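Top to bottom, those sequences are chains A and B.
First residue of the first sequence: 1, per the working numbering; consecutive thereafter.
First residue of the second sequence: 345, per the working numbering; consecutive thereafter.
Ideal Cβ positions, reconstructed from N, Cα and C, are used throughout, including at glycine.
Just so we're clear, the structure is a prediction, and the values are computed from it rather than from any experiment.
Scroll down for the structure; my scribbles are underneath it.
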Amino acid sequence: MNELLKQLTETVGVTNDEKSIRIIIRDLIDDHVDEWRVDTLGNLIATKKGTGESDLRFMVDAHMDEVGLMVIGYDSDGSIKFQTMGGFDDRALLGKVVQVGTKNLVGAIGARPVHLLKRSQYNNLVKTEAMRIDIGAKSKEEAQRKAKIGDMATFVTDYEELGEMAIGKAFDNRAGCAVLIELLKGEPYPFDLVAAFTVQEEVGTRGAKVAAFAVKPDAALILECTPAYDLPNKRDVSPNVMLGKGPSIYVMDARTIQDPRLVSHITRTATEQNIPFQIRRPGGGGTNTAAIQQSGIGVPAATIATPARYIHGPTSMINLKDYKNVIALADASMRSFSREVLKR
Amino acid sequence: MTLNVYDLMKKLSETPAPSGYEQRIVETIREYWHPLVDEINVDRVGNLVAIKKGSGKQPRHRLLLAAHMDEIGLIVKAIERFPDEAGGNGFLRVTNVGGADRRQMYGQKVIVHSTGGRDLLGIIGSLPANMLPGSVRTKSFGYDELLVDVGLSYDSLVEEVSIGDFISFHQPVRKLLNRRIVGKALDNRAAVAATTFCLDQLSGREHEWDVLAVATTQEETTLLGAHTSAFSLQPDIAIAIDVTHGKGPGVKDDVAYELNGGPVLGLGSNVHPGIFRRLSDAASAIEMTFQIEPHQRFSGTDAAGLQIAREGIPTGLVEIPLRYMHTSVESIALADIERVGRLSAEFISRLDSETLSEIVAEMMD
């Protein structure tokens with residue numbers, strides 16, 4: 001059992017309220033970094049000093065927030081109204097067990113049962129507005145005492161492993177956080193590594209914007225978890241990325257064209273080190289890379305991601321070999337990184 | 345044996361038993377019932393039948409207490425490969441066993457029970473909305489979109505899993521506030537638990553009638569267990585214990601009942617008025633609050649099957665209010681389970697050698 005992934009994915013850190021996950025990550029990295037600080041938005045920024053061989057400043061970003069729900073009101077029967085924080089498909093929420101607030105109160109998301117619907121209503125999408133969180137409160141007053149307006153909620157999903165796969169919530173982006181923690185545990189790099197565990201990626205890559213501005217790195221690597229659509233699909237014959245085929249390297253998404261020098265450095269490293277990799281099919285999506293690339297005078301940036309199925313839902317799935325290869329590839333790419341790579 | 349209702353419900357709920365695949369729950373229930381009864385056997389269609397002898401003179405009257413033990417589930421209908429080439433991923437296409445609510449299936453954990461005897465943990469997934477055909481993007485998920493993913497390649501998957509394998513939902517029981525719990529298959533393990541409480545109570549008190557406690561098979565699909573057990577056991581009276589809709593989010597109207605509001609006594613076409621009256625008398629005798637559910641036609645419970653076995657059986661229905669029926673977040677108040685157990689025991693201990701003739705006489709009275 002990968003205890004790090006278990007701990008990180010089972011911890012709550014809904015976007016805009018990342019305190020619990022921030023404290024856990026701080027505790028996990030404290031012995032492996034020279035200094036850390038928390039900025040105004042809540043980014044945890046840590047420095048692991050290099051050997052001194054290179055004066056580069058290299059930033060590695062992993063966002064620590066996850067999509068979730070926020071308490072916004074109550075019904076007279078004690079059930080809780082909520083809104084979503086970050087991108088959700090309405091259909092992912094119904095019938096799920098959630099945890100509410102800092103005391104992790106268990107609740108259920110329910111709606112009118114299927115027996116009490118007309119046949120034609122069964123196919124209707126149940127909208128988030130029609131769902132409630134039920135914590136078992138008997139009255140509005142009891143619900144108000146137990147869950148405050150603004151309290152966050154997310155799924156309760158036990159991390160479990162099945163063969164070479166792992167399932168759990170929030171691999172997006174606790175997988176990236178776990179990779180970054182593993183990098184910090186390793187031997188020093190030739191240059192100072194600035195690790196940024198950033199906030200608010202899920203609501204517009206806001207944490208990374210200020211983190212990159214403060215760090216002013218010479219180059220940046222973004223560690224992510226990218227959705228894999230390697231499922232039966234009538235419209236398209238090939239998957240965008242596929243679980244088990246290795247780290248997914250971005251070339252282009254909806255908001256960036258990744259730095260070509262970094263991309264080729266990473267793919268060359270992978271080839272030399274015999275680490276499998278796949279180029280993510282160029283297209284939609286967006287990560288912190290966009291915010292970091294555009295920071296200040298601009299930052300050469302690239303992205304390596306662990307592919308995951310069913311992200312932004314209660315239960316996503318990664319291949320643990322991919323995860324380990326992301327660690328290996330990020331580590332090797334950084335160890336062989338120098339100013340040479342950035343030469344025009 | 346001291347029964348803890350939460351521990352009992354956790355054990356019962358987390359044991360998988362889709363309709364027709366009840367071998368494991370039979371063993372779990374047998375462990376609880378065995379010390380409380382005189383005889384216990386599994387019949388030819390899979391009902392677990394326990395007999396607790398009464399103190400009356402032979403030939404004694406017999407009461408059948410039915411709680412179905414099966415749960416809704418899924419079944420494998422096809423195995424697909426994607427991409428369709430060597431080394432491609434394997435996925436299961438499924439359909440429902442019983443009235444499982446597919447609107448809430450995306451993202452649920454499931455267990456695939458392979459014919460080879462292995463349990464495979466998996467997820468119900470789908471392509472994201474933006475990759476689905478436009479015609480279904482704004483609808484609830486259908487079985488054309490949903491798939492079960494156990495994380496295996498197609499080649500490994502077809503070695504493990506076959507078309508026709510059963511799938512159960514996987515959701516541990518968890519506590520909510522106010523002694524309520526949430527989990528899967530509380531429909532109808534809550535009634536199995538209530539029956540267990542009833543048998544436990546009867547171990548310490550006098551009852552003239554023989555009690556035939558039956559954990560019935562396949563209620564969610566065909567009422568098989570109710571029809572067959574009532575036919576073979578020939579009871580004089582039958583009581584079905586089941587769940588009914590609880591008032592709560594999305595259900596404010598008069599088709600649902602208060603959680604923690606006490607037993608719900610069914611009334612209507614599946615229920616004999618004489619049994620209903622005696623159930624309500626029993627509740628009043630122990631000062632227990634109860635609720636009444638009138639059924640127009642089909643109660644959707646074992647009572648419908650029990651009532652029309654052989655020449656007809658005077659049948660009653662006792663229900664436990666439950667929210668979000670046929671989802672993985674069914675929710676009940678534990679106190680209602682204990683109450684239904686107590687009420688059933690009270691009802692049974694009030695039966696005597698005259699009860700049956702009184703019920704018959706009342707029909708023309």
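Short Cβ contact (8 Å threshold) for residue i with residue j
i	j	result
L320/A	M165/A	yes
I133/A	S54/A	no
A92/A	G451/B	yes
D61/A	A208/A	yes
A5/A	A178/A	According to the sequence as given, residue 5/A is Leu; it is not Ala. Contact flag set, yes.
R261/A	L342/A	yes
I511/B	G364/B	no
T198/A	A211/A	yes
F58/A	F191/A	yes
K48/A	H32/A	yes
R694/B	A627/B	no
I109/A	L94/A	yes
I25/A	I181/A	yes
I135/A	L521/B	yes
G442/B	T588/B	no
F691/B	R622/B	yes
G495/B	L162/A	yes
T645/B	L661/B	yes
V393/B	S613/B	no
L329/A	I266/A	yes
V370/B	D509/B	no
Buried versus exposed, by CB contacts within 10 Å (16 or more), residue i
i	result
G390/B	buried
D414/B	buried
Q121/A	exposed
T359/B	buried
R462/B	exposed
M708/B	exposed
N433/B	buried
K19/A	exposed
V67/A	buried
F575/B	exposed
P403/B	exposed
E187/A	exposed
S643/B	buried
N474/B	exposed
I304/A	buried
G87/A	exposed
N348/B	exposed
Segment limits, beta strand (DSSP E) that includes residue i
i	result
M413/B	Counting along the chain, M413/B falls outside any beta strand (DSSP E), and DSSP gives it neither H nor E.
T128/A	T128/A -> no beta strand (DSSP E), and no H or E assigned at all.
F510/B	F510 to F513
L93/A	No beta strand (DSSP E) holds L93/A; DSSP gives it neither H nor E.
D493/B	L491 to D493
N440/B	N433 to V441
L546/B	Not the beta strand (DSSP E): L546/B falls in the alpha helix (DSSP H), residues L530 to L546.
I149/A	Careful: I149/A lies outside any beta strand (DSSP E) and carries neither H nor E.
Presumed contact (8 Å Cβ cut-off) between residue i and residue j, rounded CB distance
i	j	result
T269/A	I222/A	In fact, because the Cβ distance is near 16 Å, the residues do not count as touching under 8 Å.
R374/B	Q545/B	Not a contact, Cβ separation roughly 19 Å.
T11/A	L69/A	The pair is not a contact, with the Cβ atoms about 16 Å apart (cut-off 8 Å).
E224/A	T287/A	5 Å
V456/B	V381/B	That belief does not hold up - the Cβ atoms of V456/B and V381/B are roughly 34 Å apart, past 8 Å.
I585/B	Y350/B	With 8 Å as the limit, I585/B and Y350/B do not qualify as a contact, their Cβ atoms being about 19 Å apart.
D322/A	L243/A	7 Å
Residue i beta carbon near the ligand ADP (any heavy atom closer than 7 Å)
i	result
I703/B	Absence of the ligand ADP is noted for the structure shown, with no ligands found whatsoever.
N- and C-terminal bounds of the alpha helix (DSSP H) containing residue i
i	result
L193/A	Premise fails: L193/A lies in the beta strand (DSSP E), D192 to T198, not in any alpha helix (DSSP H).
E371/B	Q367 to W377
R57/A	Premise fails: R57/A lies in the beta strand (DSSP E), R57 to H63, not in any alpha helix (DSSP H).
L347/B	First-last for L347/B: undefined, no H or E at that position.
Y498/B	Y498 to E504
K19/A	K19 to I29
D172/A	F171 to K185
F213/A	R206 to V215
V14/A	Careful: V14/A lies outside any alpha helix (DSSP H) and carries neither H nor E.
Enumerated in chain order, which unbroken segments of the alpha helix (DSSP H) with a length of 4 residues or greater are wholly contained in the stretch 260-338 of chain A?
Counting only runs of 4 or more, we get 260-272, 288-293 and 320-335.
Which full runs of the alpha helix (DSSP H) of 4+ residues lie inside the stretch 644-677 of chain B, going along the chain?
Segments of the alpha helix (DSSP H) lying fully in the stretch 644-677 of chain B: 647-650.
What are the complete beta strand (DSSP E) segments, minimum 3 residues, inside the stretch 554-591 of chain B?
Correct list: 554-560 and 581-589.
Please list the segments of the alpha helix (DSSP H) lying wholly inside the stretch 595-639 of chain B, counting only runs of 4 or more residues, in order along the chain.
617-629, all fully within the stretch 595-639 of chain B.
What ranges does the beta strand (DSSP E) occupy inside the stretch 64-121 of chain A, keeping only unbroken runs of at least 3 residues that lie completely in it?
Scanning the stretch 64-121 of chain A for uninterrupted beta strand (DSSP E) segments of 3 residues or longer gives 68-74, 80-85, 97-100 and 105-110, listed from N- to C-terminal end.
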